[in-house]
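Chains C and L, in that order, are what the protein sequence lines are. Counting in the numbering used here, the first sequence runs from -17 upward without gaps. Counting in the numbering used here, the second sequence runs from -17 upward without gaps. Okay, structure first, notes after.
There are 2 protein chains.
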Amino acid sequence: MPRAGLSRDAVVDAALAVADAAGPSGFDTLTLAAVAARTGVAVPSLYKHVGGLDDLRRGVALVSVRALTRRIAGEAMGRSGPDAVRAVARGIRSYATEHPALYAAAQHAADPQDPADAELGAAGAEAVAAIATVLRGFGVPEERTVDAVRMLRACVHGFIALEQGGGFGLPDSLDESFEVVVATAVLGIERLATA
Amino acid sequence: MPRAGLSRDAVVDAALAVADAAGPSGFDTLTLAAVAARTGVAVPSLYKHVGGLDDLRRGVALVSVRALTRRIAGEAMGRSGPDAVRAVARGIRSYATEHPALYAAAQHAADPQDPADAELGAAGAEAVAAIATVLRGFGVPEERTVDAVRMLRACVHGFIALEQGGGFGLPDSLDESFEVVVATAVLGIERLATA
DNA sequence: GCCCACAGGCTAATAGCATTAGCCAGATTG
DNA sequence: CAATCTGGCTAATGCTATTAGCCTGTGGGC
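So, in structure tokens, the structure goes:
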């Protein structure tokens, strides 16, 4: 019986592939059985590399959050002001469209109490920081920055969540609606800057 | 062995209670076992009243959507313009805070293909229509109304989703941030009206 | 070059879940 | 009062995760 030569990373990678291939609900419906099948190993063998399903999910979430952060930072680079906000918003939506399950995984917030979630929590904070960077230059006062970031996140995530959940029934262009949402968010940021 | 005297409605009601008592993830973690325990009946007996777990979820979603629609309509009544939008937005958030699991259930969109989802789809359309009503009086052109509704929904739902998911780590006031989001949405609607 | 230890695979067993089949009694109706 | 049907039940199947315990291939020390 030859060894499969797995590792934690290999298992998490397989889980990423399994989830990603299963559409928007891929993260929720992720099973050890599917990952075992993909890695060519029996289910209990996975426990040699991963603490269990929850831990595997954590690993998937961590990779997904970091990928999303890279996307955000990449879009923001070399841009500023409304232009940067638009690019970042579109980038996040693109990521969600290309990898619905991973985007969903990235939204699973870390439990501040659980020490096992510390790394995930830090990664999430980095993503938020990357978004906050984009708001530089708008002149939003320090104490309103949190509100601005939350507002931008809410607008973008809300649209994506509804879009992926099939919440928008009408056939009208989703791209155009998204642009309206983003333009509105920009407007809101500018309002926070002047008020 | 005395009969429990169940009915579809009784089973759905029990499921609502079970889900509601289990916090934000109550809808996802709903199990027939828990509903059976609450109704004092063996698990397979539930199949006499409900098609299965999926069908039970559909029933819960339907009740939840209708409750949310009533809330929206109630808040909108007697108000108009920005005042109405603010009231509706706060009402939706209140509903989500009071009944996180039911709010989550109400977001489960119906499958347009599945005839069993027809009723749920119609109920969802009513909820959207109730929101659209609030936009009367802003003077948003006909062909932009869809965008306005989507934008408002995205803002409100996005905030709630992040709030309930623990996505807002910082201790700053969530109520204030929500007001910022709502004010921004109003701004966006007004922009659509004039542009 | 051999031996030993351990890492990484395995099978078996347990427990929780949904679902289906088939039985049986209580209530309803002719 | 009998017949039927409704709504309970138990038993069985199959999927899931998880734990325990075995066994073997691989690599390091002598």
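Backbone N, C-alpha and C fix where the C-beta goes; we use that ideal spot for every residue, glycine too.
ask   = At which residues does the alpha helix (DSSP H) containing F9 (chain C) begin and terminate?
value = From DSSP, F9 (chain C) is part of no alpha helix (DSSP H); its letter is neither H nor E.
query = What's the C-alpha gap between T115 (chain C) and L35 (chain L)?
reply = 45 Å
request  = Would you please verify whether the beta carbon of R118 (chain L) is less than 9 Å from any beta carbon of chain C?
outcome  = no
message = For G148 (chain L) and A111 (chain C), which I take to be in contact (beta-carbon distance under 8 Å), what is that distance rounded to the nearest angstrom?
response = Going by Cβ atoms, the distance from G148 (chain L) to A111 (chain C) rounds to 18 Å, so no, they are not a contact pair.
message = Would you call the stretch 154 to 162 of chain C in contact with the stretch 44 to 61 of chain L, where contact means no fewer than 3 C-beta pairs closer than 8 Å?
response = no
request  = Confirm, please, whether the CB-CB distance from V(-7) (chain L) to L38 (chain L) is below 9 Å.
outcome  = Yes.
task = Buried or exposed for G22 (chain C), please, with buried defined as at least 16 other CB atoms from any protein chain shown within 10 angstroms of its CB.
result = exposed
message = Check whether the stretch 72 to 91 of chain L and the stretch 133 to 152 of chain L are in contact - that is, three or more C-beta pairs closer than 8 Å.
response = yes
query = Which residues bound the alpha helix (DSSP H) around G73 (chain L)?
reply = Looking at the DSSP string, the run of the alpha helix (DSSP H) that includes G73 (chain L) is G63 to E80.
Option in C:V70, C:A55, C:D(-5) and C:T11 with minimal Cα separation from E161 (chain C) = C:V70
message = Does F141 (chain C) come out as helix, strand or coil in the three-state DSSP assignment?
response = helix
inquiry  = Restricting to Cα atoms, I'd like to know which of L:E57, L:D65, L:A88 and L:P26 is closest to S7 (chain L).
reply    = L:A88
query = What's the gap between the Cα of A98 (chain C) and the Cα of R(-10) (chain C)?
reply = 15 Å
query = Which residue's Cα is closest to the Cα of G119 (chain C): C:A1, C:A109, C:V25 and C:A175?
reply = Out of C:A1, C:A109, C:V25 and C:A175, C:A175 has the C-alpha closest to the C-alpha of G119 (chain C).
ask   = What does H31 (chain C) reach in chain L if we use C-beta pairs closer than 8 Å?
value = Neighbourhood of H31 (chain C) in chain L, by CB distance below 8 Å: empty, with the nearest CB roughly 27 Å away.
message = Judging by CA-CA distance, which residue of C:I54, C:D96, C:D93 and C:L102 is the nearest neighbour of S76 (chain C)?
response = C:I54
task = With a 10 Å radius around its C-beta and 16 neighbouring C-beta atoms as the bar for buried, classify S62 (chain C) as buried or exposed.
result = exposed
query = If you drop the 5 nearest sequence neighbours on each side, which residues of the same chain put their C-beta closer than 6 Å to that of F9 (chain C)?
reply = A1, A83, A86 and A87
For F150 (chain C), three-class secondary structure by DSSP = coil
key: Where Q95 (chain L) sits in the DSSP three-state scheme   = coil
key: Helix, strand or coil at F120 (chain C) according to DSSP, with G and I counted as helix   = coil
Bounding residues of the alpha helix (DSSP H) (the contiguous stretch that carries V25 (chain C)) = Looking at the DSSP string, V25 (chain C) is not in any alpha helix (DSSP H), and its letter there is neither H nor E.
ask   = When burial is assigned at 16 or more other CB atoms within 10 Å of the CB, is R225 (chain L) buried or exposed?
value = Only positions -17 to 177 of chain L appear in the structure, and residue 225 (chain L) is not among them; the question remains open.
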